[in-house]
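Reading through the structure tokens given below for one structure.
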Amino acid sequence: MATKQQPPIIQSKDDAIRWQDQLELNVPKVGDGAPDFELADVAGAQSVGLSSFRGKRPVALIFGSFT
Amino acid sequence: MDGWDVGSQYRTNDPTTMEERRKVASDCESALQYGVKTYVDEMDDKVMINYAAWPERLFLVDIEGQIAYAAERGPWGFKPEELEAAIRAL
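The listed protein sequences correspond, in order, to chains A and B. Counting from 1, position 29 in the first sequence corresponds to residue 112 in this note's numbering; the numbering is continuous, with no gaps. Counting from 1, position 65 in the second sequence corresponds to residue 72 in this note's numbering; the numbering is continuous, with no gaps.
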């Protein structure tokens, strides 16, 4: 389970690496239960929960930051 | 702009509200047309933190809800061909 973390203000590549190192402590590994979540789409209209796919189909998670 | 200049023509400030964040995500979806549905993390970045997914990362969750594939952290670990191989291996 992830500890409470606040994203730092990243002003350099070293800041980014330190933030990634901190996040890496909690990364889910192969064989772990995938942390559940429920998120809304870009319109804020439709939500999806990861656990709703259990027993039905696998899910590819493609995470990206556009800012 | 208060973000990082990576040479892109797209310029935006880091969103400070969910409305701003959804607008940026929508712009990304439109610009890249990657063909999958986009969902937006809340301002607390809880999902990003739980998956150590900054700035980008790939996972495959199997039908039992377990992690079947976990990429190395991005950007250098972002390898769609590995995800494809993991999907084919299911």
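We treat Cβ as the ideally placed atom computed from N, Cα and C, and that holds for glycine. Computed from a prediction, not measured in an experiment: that's the story for all the values here.
Contact check, residue i vs residue j, beta carbons under 8 Å
i: GLU71 (chain B); j: ARG140 (chain A); result: no
i: GLN122 (chain A); j: VAL43 (chain B); result: It is worth fixing the name first, because residue 122 (chain A) is Leu in this sequence and not Gln. Their beta carbons are not under 8 Å apart, which means LEU122 (chain A) does not touch VAL43 (chain B) by this criterion.
i: THR45 (chain B); j: ASP119 (chain A); result: no
i: ILE74 (chain B); j: PHE66 (chain B); result: yes
i: VAL31 (chain B); j: THR19 (chain B); result: yes
i: TYR58 (chain B); j: LEU144 (chain A); result: yes
i: ARG29 (chain B); j: MET50 (chain B); result: no
i: LEU39 (chain B); j: ASP69 (chain B); result: no
Counterpart residues of residue i in DSSP-defined beta bridges
i: PHE146 (chain A); result: B:ARG64
i: GLU121 (chain A); result: A:GLY132
i: ALA77 (chain B); result: B:PHE66
Beta-carbon contacts of residue i that lie in its chain and below 6 Å, excluding the five residues immediately before and after
i: TRP61 (chain B); result: MET55
i: GLN105 (chain A); result: none
i: ALA85 (chain A); result: Residue confidence for ALA85 (chain A) is low, a pLDDT of 43 falling below 50, so the modelled location carries little weight; the figure read from the coordinates is stated next. ASN109.
i: SER130 (chain A); result: GLU121 and ALA123
Neighbourhood of residue i by C-beta distance below 8 Å, restricted to the same chain and skipping five residues each side
i: ALA93 (chain B); result: LEU67, ALA75 and TYR76
i: ALA78 (chain B); result: ARG64, LEU65, PHE66, GLY84, PHE85, LYS86, GLU89 and LEU90
i: LYS87 (chain A); result: Because the pLDDT at LYS87 (chain A) is just 48, under 50, the model does not fix this residue reliably, and the value given afterwards should be weighed accordingly. Same-chain partners within the cutoff: there are none.
i: ALA99 (chain A); result: ILE93
Residues that residue i contacts on chain A, provided the C-beta gap is smaller than 9 Å
i: ARG64 (chain B); result: VAL110, LEU144, ILE145, PHE146 and GLY147
i: MET55 (chain B); result: PRO90, LEU106, PHE146 and SER148
i: TRP61 (chain B); result: PRO90, ALA99, TRP102, GLN103, LEU106, PHE146 and SER148
Chain A residues whose Cβ lies nearer than 7 Å to that of residue i
i: LYS44 (chain B); result: ASP124
i: GLU36 (chain B); result: VAL125
Under 8 Å by beta carbon: chain B residues contacting residue i
i: SER134 (chain A); result: GLY72
i: ALA117 (chain A); result: PHE66, VAL68, GLY72, GLN73 and ILE74
Beta-carbon neighbours of residue i, restricted to chain B and to distances below 9 Å
i: ARG101 (chain A); result: Residues of chain B passing the Cβ test: none, with the nearest at roughly 12 Å.
Own chain partners of residue i with C-beta closer than 7 Å, once the 5 adjacent residues on each side are dropped
i: VAL113 (chain A); result: none
i: GLY81 (chain B); result: PRO62, GLU63 and ARG64
i: ALA117 (chain A); result: PRO111 and LEU133
Under 8 Å by beta carbon: chain A residues contacting residue i
i: ALA92 (chain B); result: What ALA92 (chain B) touches in chain A: nothing, since even the nearest Cβ is about 12 Å away.
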